[in-house]
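Q: Can you keep this structure in mind? I'll have questions shortly.
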Amino acid sequence: MAILETRKLDKWFGGLHVTDEVDFTLEQGEIHCLIGPNGAGKSTFFKLVLGEHSPSGGAILYDGKDITKAKSFERIRHGISVKFQVPGIFQALKVRQNLQIALQHHLQGASLNEETDRLLEFLKLKDAENQLAGSLSHGQKQWLEIGMAVALKPKLLLLDEPTAGMTPDETHATGEMVQALNAEGVSVLAVEHDMAFVRQIAQKVTVLHFGKVFAQGTINEIVADERVASIYLGEVHA
């Protein structure tokens, strides 16, 4: 069963057709990566799914329900959580406090502390729990925001370039985190440029080009597709 589906999803900005009748399906329990060259429409599609933009046409379905007109906060309430490219953490608060702010929506007392400890270990941040979040390395800040998104107990986790600016080791560790979350039943949609990361985590890949679905398949099918390689080299323009 699909947890996320778009049907002929359209978005115009003035005379610019940024999302062009995109049909997309993310199955329950799947890690699905969205890739494509700069300007392909990935970020706009992501914001349409999250509810930050309103579509010009088409429909968005989440867990079988039409959420096309739902506000962002309503989508989050129903189990969609997001980690943005630029970490949205509370830099003047401690790492532990950041996680507890997110966890307080559904936990209190001993359960709150236990889940905070579990997340700190999972995020490789236990040794930094009493540091101010603003003092963390770039990669650690990214992990902290992933933790805050996960703390909301999402059914669907949206990741916008989660490994941007990370070292190769941090990128690989992030992939392991995403795979572990998926093993616990979380479905994942990741917009990503780093193909090593995509190879590591993707069960399905969709390629956007000029706002349209250009190719879909497994990572092996996408890597073997010469048309996909050519658009990354700028050789295909239609």
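Residues in the sequence shown are numbered consecutively from 14, following the numbering used here. Cβ coordinates follow ideal geometry from the N, Cα and C atoms, glycine included.
#1: Can you tell me which of 171, 199 and 213 puts its alpha carbon nearest to the alpha carbon of residue 182?
#2: Which of the three DSSP states, helix, strand or coil, is assigned to residue 180?
#3: Of all the options 242, 235, 219 and 98, which has the alpha carbon lying nearest to the alpha carbon of residue 38?
#4: Would you kindly report the start and end of the unbroken beta strand (DSSP E) that includes residue 165?
#5: Using only the alpha-carbon positions, how far apart do residue 11 and residue 118 sit?
#6: What residue does the alpha helix (DSSP H) around residue 243 start on, and which one ends it?
#7: Is there contact here, the region 195-205 with the region 163-176, by at least three beta-carbon pairs under 8 Å?
#8: Is residue 81 closer than 8 Å to residue 58 when the C-beta atoms are compared?
#9: Report the residue ranges of all beta strand (DSSP E) runs contained in full by the region 36-68; include only those spanning at least 3 residues, in chain order.
#10: Taking the alpha carbon of residue 35 as the reference point, which residue from 227, 148, 244 and 237 has its own alpha carbon closest?
#11: Can residue 201 and residue 48 be called in contact, C-beta distance under 8 Å?
#12: How close, in whole Å, do the beta carbons of residue 71 and residue 131 come, if the pair is a contact with beta carbons under 8 Å?
#13: Going by the C-beta, is residue 30 closer than 7 Å to any heavy atom of the ligand ZN?
#14: For residue 173, which beta-bridge partners are listed by DSSP?
#15: Quick check: what's the CA-CA separation for residue 25 versus residue 86?
#16: Would you please verify whether the beta carbon of residue 163 is less than 8 Å from any beta carbon of chain B?
#17: Given that a residue counts as buried once 16 or more other Cβ atoms are within 10 Å of its Cβ, and exposed if not, what is residue 123?
#18: So, do the region 146-163 and the region 180-196 have three or more beta carbon pairs nearer to each other than 8 Å?
#19: On the three-state DSSP scale, how would you describe residue 34?
#20: Is residue 76 helix, strand or coil when you go by DSSP?
#21: Please state whether DSSP places residue 219 in a helix, a strand or coil.
#22: Quick check on this structure: which residue in 52, 22, 139 and 17 has the alpha carbon closest to the alpha carbon of residue 44?
#23: Three-state secondary structure (DSSP) at residue 229?
A: Put simply:
#1: Checking every option, the nearest Cα to that of residue 182 belongs to 213.
#2: In the structure shown, residue 180 sits in coil (DSSP, three-state: anything other than H, G, I, E or B).
#3: 219
#4: Careful: residue 165 lies outside any beta strand (DSSP E) and carries neither H nor E.
#5: Here the chain comprises residues numbered 14 to 251, so residue 11 is not present and cannot be evaluated.
#6: 239-245
#7: yes
#8: no
#9: 44-48
#10: 227
#11: no
#12: In fact, because the Cβ distance is near 39 Å, the residues do not count as touching under 8 Å.
#13: What this structure holds is no ligand at all, so the ligand ZN is not there to describe.
#14: Paired residue(s): 204.
#15: Between residue 25 and residue 86, the C-alpha separation is close to 23 Å.
#16: The displayed structure is made up of one protein chain only, and chain B is not part of it.
#17: Label assigned to residue 123: exposed.
#18: In short, these stretches touch, since the Cβ pair count reaches three.
#19: strand
#20: coil
#21: strand
#22: 17
#23: strand
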